[in-house]
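In this note's numbering, the protein residues as written are 87 to 345.
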C-alpha cells in the first residue's frame, strides 16, 4: 500500500471547509524571477540563477513527500537562447554542476529523471552526456518522475508530433487526440493538473502547451529563489479547493475525469 500523504502536507481540513480534492498527480513549475531576485539585491543576474538551486532541491523533496507523482520544471526554453551569451554559458555550467552534484540524492530518493528538449546543437556535449547519464542512472526508479524541460518549446513539440504523424502515413481521418499525443515526446506523461508560475507573471511562455490544456494555474508573487516548501504546499492547497469542470458542469466527482 502507498502510505504517502495525500493531503499535500497541509493537514486535516475543518468540516466546514467543503470538499477537498486529491493532491495533483502532475505539477509543473515555471521557475520565474531569478533575474529580478538578483536585481533587487544589486547583484548580477547569475547570482539569481545560482540561488535558485536550493529552491529546486527543496521543491523536488516537498513534491515527493506530498505525494505528487510527476513534477516538471521549466529550466531553459528555446527562447532563452536569445539571452546574452555570457548568461547562457553560465547557465550551461550551472546546470551541469547541479545535475552532477545531486544525482546521488535523486537516485536515493527513487526519482526517475527525464529531460524534455535537449535538441539544440549549442548545448555543450558534456552537459547532454550528463543528462543522458542521469536518465539512464534513474531509469529503474519507481518513485516520482522528474521532467526537466531544457531547450524546450511547446510549439516545437507539437510541430514535431505533426511531422511524425505525416511521416507515418497516418490517414487524416485516423488522427485523434490520443493518437497525436502518442507522437509527442514522452507520450506516457499525464496531463498537467497544476502549473505554478512564480514571480506573479501570468504567461504560458510556450511551456508544455499540449499537456497544460486543462491545467489549473497558480501565480504566487514570490520570486523563484525565495520559493520554498510552505509556498509549494500553499499552491497545492489552492488547487485542492478548486472545482475542475473541464468545460462541463459541476459533478459529484468534482470534475475529475478519471472517475
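Using N, Cα and C, we set each Cβ at its ideal position, and we do this for glycine too.
Apart from sequence neighbours up to five positions away, the residues of its chain that approach residue 123 with a beta-carbon distance below 6 Å are 134, 309 and 311, ordered along the chain. When only Cα atoms are considered, residue 136 and residue 180 end up about 7 Å apart. Going by beta carbons, residue 117 and residue 160 fall inside the 8 Å limit. In this structure, residue 295 and residue 226 do not form a Cβ contact; the two beta carbons are roughly 30 Å apart against a cut-off of 8 Å. Where residue 160 is concerned, the enclosing beta strand (DSSP E) starts and stops at 156 to 163.
Leaving aside the five residues that flank residue 288 on each side, the residues in its chain whose CB is nearer than 6 Å to its CB run, in chain order, 305. Spanning the alpha carbons of residue 300 and residue 272 requires a straight line of approximately 18 Å. With contacts defined by Cβ atoms closer than 8 Å, residue 193 and residue 232 do not form a contacting pair.
Per DSSP, reduced to three states, the secondary structure at residue 191 is helical. Shown here, residue 237 sits in a strand according to DSSP, grouped into three states. When 238, 140, 173 and 328 are compared, the shortest CA-CA separation from residue 130 is found for 173. Beta-bridge partners of residue 201 (DSSP): 234. Taken in chain order, the complete beta strand (DSSP E) segments of 3 residues or longer contained in the stretch 229 to 295 are 231 to 238 and 280 to 283. Shown here, residue 173 sits in a helix according to DSSP, grouped into three states. DSSP places residue 108 outside both helix and strand once states are collapsed to three, so it counts as coil.
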